[in-house]
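Residue numbers (my numbering), protein chains in the order written: chain Z, 123 to 234; chain U, 42 to 154.
Read the structure below first, then the notes.
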Amino acid sequence: QKEVEQNSGPLSVPEGAIASLNCTYSDRGSQSFFWYRQYSGKSPELIMFIYSNGDKEDGRFTAQLNKASQYVSLLIRDSQPSDSATYLCAVKLVAGTYKYIFGTGTRLKVLA
Amino acid sequence: DGGITQSPKYLFRKEGQNVTLSCEQNLNHDAMYWYRQDPGQGLRLIYYSQIVNDFQKGDIAEGYSVSREKKESFPLTVTSAQKNPTAFYLCASSPGQAGNTIYFGEGSWLTVV
Chain Z
123 QKEVEQNSGP LSVPEGAIAS LNCTYSDRGS QSFFWYRQYS GKSPELIMFI
173 YSNGDKEDGR FTAQLNKASQ YVSLLIRDSQ PSDSATYLCA VKLVAGTYKY
223 IFGTGTRLKV LA
Chain U
42 DGGITQSPKY LFRKEGQNVT LSCEQNLNHD AMYWYRQDPG QGLRLIYYSQ
92 IVNDFQKGDI AEGYSVSREK KESFPLTVTS AQKNPTAFYL CASSPGQAGN
142 TIYFGEGSWL TVV
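Laid out in structure tokens, this is it:
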């Protein structure tokens, strides 16, 4: 069973702080990694994707990938109350399968 | 507008009935997916399809059926064999070889009454 693990939270951070969300995955053949944000009762929306080891920055968001440790993280700088949501980590398995596995999500609360 | 359209948004089913959830995409994506989400839980894969007239079971396919007769359409039937169907159902698509990202429709809420 291919797994993607996340701490369910809630993770509470004050407004303006850095929120750090973590995800581990079990399949070493995984190739692509995604972070989605999901507000309550809504569908997930893509925040970022990362394919290569290292950091990838997009505005206030930074995704970090370490394939040797099978670890993906998302940093949110200058957290805002509007960032309060559940963050889902997703992994695309090896090429050719088209299969994406999602973690259970981490609930983030940004306190004003 | 390009996107993924799911209907209906809310659906009530009596026990013993089959219901079909519609999913249509105009993104010209090759792959389409159905996920189920229970309250406070992550997404679990029901079925996925990489090309027309072909589909594969996901992790929780029992009690569900799909078809892929057209590239843009991937309907999901929740059969009476699915014992606990009340959930949020999400349809998604991805470009396949041309790209990696998976995109979601707005979801359908199914409640058994």
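Using N, Cα and C, we set each Cβ at its ideal position, and we do this for glycine too.
All values reported here derive from a predicted model rather than from experimental measurement.
Item                                                                                                                                  : Value
Alpha carbon of T226 of chain Z to alpha carbon of E110 of chain U, nearest angstrom                                                  : 32 Å
Residue nearest to S204 of chain Z in terms of C-alpha spacing, selected from Z:S195, Z:T184, Z:F171, Z:L230                          : Z:L230
Sub-8 Å separation of F224 of chain Z and G104 of chain U beta-carbons                                                                : no
One or two residues paired with E147 of chain U in a DSSP bridge                                                                      : E147 of chain U pairs with nothing; no bridge assigned.
Min CB distance G44 of chain U to chain Z below 8 Å                                                                                   : no
7 Å Cβ cut-off: residues of chain U touching G225 of chain Z                                                                          : G83
K124 of chain U classed as buried or exposed, judged by whether at least 16 other C-beta atoms fall within 10 angstroms               : exposed
Opposing strand residues paired with S154 of chain Z [DSSP bridges]                                                                   : Z:K214
Cutoff 8 Å: Y222 of chain Z Cβ touching any chain U Cβ                                                                                : yes
Partners in chain Z for Y89 of chain U, counting only beta-carbon separations shorter than 8 Å                                        : Y220, K221
Cβ distance (whole Å) where S149 of chain U is taken to contact P49 of chain U below 8 Å                                              : 6 Å
Under 7 Å by beta carbon: chain U residues contacting K214 of chain Z                                                                 : N141
Residues that F273 of chain Z contacts on chain U, provided the C-beta gap is smaller than 9 Å                                        : This structure does not reach residue 273 of chain Z, given that chain Z is present from 123 up to 234, and the question cannot be answered.
Cβ-based contacts, 7 Å cut-off: residues of the region 159–177 of chain Z near chain U                                                : S165, P166, L168, F171
Cβ of L131 of chain U within 8 Å of any chain Z Cβ                                                                                    : yes
CB contact check: L187 of chain Z to chain U, cutoff 8 Å                                                                              : no
Contact list for the region 85–118 of chain U against chain Z, Cβ threshold 9 Å                                                       : R85, L86, Y89, S90, Q91, Q97, G99, D100
Coarse secondary structure for D95 of chain U, derived from DSSP in three states                                                      : strand
Chain-order list of residues whose beta-carbon lies under 8 Å from that of N188 of chain Z (same chain, five-residue window excluded) : N175, V194
is_contact[L230 of chain Z, chain U] using C-beta, thresh 8 Å                                                                         : no
L62 of chain U vs L117 of chain U beta-carbon contact at 8 Å                                                                          : yes
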